[in-house]
Structure formats: structure tokens, C-alpha cells
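J.:
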Amino acid sequence: MGSLSSGCMVYSELKKLTDHPSIQPIVKSKVDKGFIWSNSAQESFATTYRRNFFQISTKVILQMAGKIAQEEESLSNPLVAVSGHLIPILSFQVGLNASMYDEDAVVEDSVNLVQFSSAREKGPKVKPQRESITALINSTSDDVEAQAVKFERIQFERSTNRKMEKFRLNVTLYAQLENGVDVQVATVKSMPISVRGRSPAHYTDDMYTGRSLPRVKSSQTLRNKMANTMRVSKSTPSLSNTKAREKMSTMTVSGSSKPTLEDLATACEIDMATL
Numbered sequence: 002m003g004s005l006s007s008g009c010m011v012y013s014e015l016k017k018l019t020d021h022p023s024i025q026p027i028v029k030s031k032v033d034k035g036f037i038w039s040n041s042a043q044e045s046f047a048t049t050y051r052r053n054f055f056q057i058s059t060k061v062i063l064q065m066a067g068k069i070a071q072e073e074e075s076l077s078n079p080l081v082a083v084s085g086h087l088i089p090i091l092s093f094q095v096g097l098n099a100s101m102y103d104e105d106a107v108v109e110d111s112v113n114l115v116q117f118s119s120a121r122e123k124g125p126k127v128k129p130q131r132e133s134i135t136a137l138i139n140s141t142s143d144d145v146e147a148q149a150v151k152f153e154r155i156q157f158e159r160s161t162n163r164k165m166e167k168f169r170l171n172v173t174l175y176a177q178l179e180n181g182v183d184v185q186v187a188t189v190k191s192m193p194i195s196v197r198g199r200s201p202a203h204y205t206d207d208m209y210t211g212r213s214l215p216r217v218k219s220s221q222t223l224r225n226k227m228a229n230t231m232r233v234s235k236s237t238p239s240l241s242n243t244k245a246r247e248k249m250s251t252m253t254v255s256g257s258s259k260p261t262l263e264d265l266a267t268a269c270e271i272d273m274a275t276l
């Protein structure tokens with residue numbers, strides 16, 4: 002499993018009450034499967050394949066001052082500051098998207114993700130939709146009791162097509178307000194991701210500095226089947242053809258010895274080089 006990031010970018014101020022200190026929203030997301038992670042002193046990145054399905058789990062914690070958190074008996078939602086006014090939050094949602102990895106860009110170009118149904122390739126494919134989530138109000142960042150929301154059966158729509166090109170995943174927390182407006186509260190971003198377009202068999206282990214990439218056996222099996230199909234049979238030809246049987250009868254009657262392999266080939270009109 003790999004965490005998307007150690008930090009969380011906060012865009013909106015949250016409070017429980019007007020006279021209370023601000024609440025720190027914490028979005029914790031991790032990739033449960035589908036990625037190979039590499040962490041080194043020089044660079045941290047992840048590798049996956051375009052046809053790989055991956056899954057992301059997300060939890061949200063609203064970290065408050067210890068005394069205030071202990072006084073709260075429910076998980077009622079706080080207020081969010083919009084244009085200098087504190088507005089009640091009705092609910093929270095989390096959304097998943099992808100973008101080009103570009104630290105110098107103000108707004109990164111988007112990259113399409115595809116979510117499959119439980120039927121996989123046989124079912125419909127859609128863009129990942131936002132999921133409702135219950136935020137845990139806590140005095141710490143401990144997420145043991147927090148609700149987990151999962152984005153399952155996700156694929157990148159395309160691979161990274163240049164050597165230096167990288168993608169990244171973004172999980173964003175949204176607050177839905179009483180007036181119907183959605184406010185972006187916080188986002189967690191992943192490390193750079195390289196998405197390979199071909200199967201692992203087309204890549205050597207030294208192209209990746211982390212753990213060895215898995216090798217698929219299907220390609221070798223296919224090559225063996227093709228070789229067997231192209232191999233010329235060494236078995237004796239069948240004399241099911243009427244014309245061939247007549248020729249062999251003539252040879253057997255006229256000759257004193259048994260027919261040779263050359264006689265058999267002549268009767269069946271087969272080139273000796275193939276026998």
C-alpha cells in the first residue's frame with residue numbers, strides 16, 4: 002500500500018462555532034493495489050500499467066483542539082468561511098481526478114480516469130464520481146474510527162507517452178452548503194506516476210530501480226503455441242486418398258520388395274524434404 006502524500010493542501014477555513022479556533026481538515030488517501038512504489042533519496046515515484054486496475058481508500062479527519070473535541074458528543078458538521086461569512090455545512094464529499102505532474106504550473110492539465118463496473122470490461126465505463134463521506138471530529142489525526150470511502154476498478158485512460166512525462170492523482174474534499182454551493186476544502190496529491198502502456202514483459206528490470214517488475218507468462222506460452230503450429234509433422238502420411246492407395250497397390254504387385262519411403266512419398270505426392 003502507498004500513501005498519496007504526507008501533506009494536505011487546505012483551501013477553506015473550517016470552524017465548529019464562531020468563537021472557536023479553526024479546524025484542521027486532514028484528507029488521508031492510500032492506494033490499496035495496482036501500483037509499484039519507489040522511494041529513494043533522489044526521487045519518489047510510482048509505476049503502474051495502463052490496463053492495471055487500482056483502488057484508492059480515503060478517510061477525512063477534522064482535527065480540533067483537544068478540549069473542544071472532547072466536549073462534542075456528535076459528528077455534526079462545522080461551519081466554513083466563504084467571503085468572510087461562516088456558513089453551515091450540510092455534508093462532505095470526496096472526488097478523485099488525475100492531472101499532469103508539473104510543479105511549475107499554476108493549473109495542471111487534466112488527465113482522464115476511467116472507472117469500471119463490477120463486470121469489468123463487459124460493463125459500462127464512467128468518469129469517477131464524487132462519493133459522500135462522514136468526517137471524523139477528533140483531537141488528533143488518528144483515523145482508526147473514521148469512515149473509509151473507496152474508489153475501485155480505476156484505470157488511466159492513456160499511458161505517459163514521453164520519458165519525462167508523469168501523472169499524479171488528486172483526492173479533493175468538498176463541502177456542500179445549505180445554499181447548494183460546493184466549496185473545495187482540501188486536496189491531497191500523489192507523488193509522480195509513470196503509466197506504462199505495454200505489458201511488463203516488454204520492460205527490463207533495470208528500467209525500474211525499485212522492486213523487480215512482474216513478468217507475464219502468457220507471451221511465452223503464445224510463442225510456443227505458434228512454434229508448434231508452424232512445425233512440419235514428421236509422422237507418416239495417411240493413405241486415405243483413393244489415388245494414393247491405387248498407386249501403392251501397383252507398386253506392391255509389381256515389385257518384389259515392400260514399398261520404400263520414397264514410394265510412399267511418390268504415391269502421396271509429397272516432397273521428400275518435408276519427411
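Numbering-wise (the numbering used here), the sequence shown opens with residue 2 and increments by one.
Just so you know, even glycine gets a beta-carbon here, dropped at the ideal spot from N, CA and C.
Remember, it's a predicted structure, so these values are computed and weren't measured experimentally.
1. Who are GLY96's beta bridge partners in DSSP?
2. Going by the DSSP bridge assignment, what does THR188 pair with across the sheet?
3. Would a C-beta distance cut-off of 8 Å place TYR12 and PHE93 closer than the cut-off?
4. Just list the beta strand (DSSP E) runs in the region 18-59, keeping only unbroken ones of 3 residues or longer that don't cross its boundaries, in chain order.
5. When you compare the CB positions of VAL112 and PHE55, do they come within less than 8 Å of one another, or not?
6. Among residues of its own chain, excluding the 5 on either side of ASP103, which ones have a beta-carbon nearer than 6 Å to its beta-carbon?
7. What is the C-beta distance between LYS29 and ASP143, in whole angstroms, given that I count them as a contact (C-beta under 8 Å)?
8. With a threshold of 16 other CB atoms inside 10 Å of the CB of ALA180, please say whether the residue is buried or exposed.
9. In terms of alpha-carbon separation, which member of ARG131, CYS9 and SER118 lies closest to PRO26?
10. Go ahead and pull the three-state DSSP assignment for GLU122.
11. Using a 10 Å radius around the Cβ and a threshold of 16 neighbouring Cβ atoms, would you call THR173 buried or exposed?
12. State the Cα-Cα distance for the pair LEU63 and SER133, rounded to the nearest angstrom.
13. Measuring CB to CB, does PRO129 end up less than 8 Å from LEU114?
14. Give me the Cα-Cα distance between THR141 and GLU14, rounded to the nearest whole angstrom.
15. Per the contact definition of three or more C-beta pairs closer than 8 Å, is the region 157-170 in contact with the region 77-93?
16. Using DSSP with H/G/I as helix, E/B as strand and the rest coil, what is ALA82?
17. Between the beta-carbon of VAL127 and the beta-carbon of VAL95, is there less than 8 Å?
18. Within 10 angstroms of the Cβ of LYS17, are there 16 or more other Cβ atoms? Answer buried if so, exposed if not.
19. Considering only residues of the same chain and omitting the five flanking positions on each side of GLU146, which have a CB-CB separation below 7 Å?
20. Looking at the structure shown, is VAL145 part of a helix, part of a strand, or coil, going by DSSP?
21. Just the C-alpha distance for HIS86 and THR49, rounded to the nearest angstrom, thanks.
22. Ignore the nearest five residues each way along the sequence and tell me which others in PHE106's own chain have a CB closer than 6 Å to its CB.
23. With a CB to CB cut of under 6 Å and the five nearest residues on each side skipped, what residues in its chain are close to ASN53?
24. Could you tell me how far apart the beta carbons of SER195 and LYS167 are, in whole angstroms, since I believe they sit closer than 8 Å?
25. To the nearest angstrom, how far is it from the Cα of SER236 to the Cα of SER45?
26. Excluding five sequence neighbours on each side, which residues of the same chain lie with their C-beta closer than 6 Å to the C-beta of LEU178?
27. Kindly indicate which residue of ARG197, PRO193 and PHE117 has the alpha-carbon position closest to the one of SER100.
T.: The relevant details are as follows:
1. THR173
2. MET10 and THR173
3. no
4. 23-34, 37-40 and 45-50
5. no
6. GLU109
7. Going by Cβ atoms, the distance from LYS29 to ASP143 rounds to 10 Å, so no, they are not a contact pair.
8. Looking at the sequence shown, residue 180 is not Ala but Asn. Flag for ASN180 reads exposed.
9. CYS9
10. Residue state, collapsed to three classes: helix.
11. buried
12. Cα-Cα distance, rounded: 15 Å.
13. Yes, the Cβ-Cβ distance between PRO129 and LEU114 is below 8 Å.
14. 18 Å
15. no
16. strand
17. no
18. buried
19. LEU137
20. Here VAL145 sits in coil by DSSP.
21. 44 Å
22. At residue 106 the sequence reads Ala, which differs from the Phe that was named. Closer than 6 Å at the Cβ level, and outside the excluded window around ALA106, lies no residue.
23. GLY35
24. So it is a contact: roughly 6 Å between Cβ atoms.
25. Only weak support is given to the placement of SER236: the predicted model assigns it a pLDDT of 48, under 50, and the value that follows is read from those uncertain coordinates. Rounded to the nearest angstrom, the two C-alpha atoms are 59 Å apart.
26. ILE88
27. For SER100, the closest alpha carbon among the candidates ARG197, PRO193 and PHE117 is that of PRO193.
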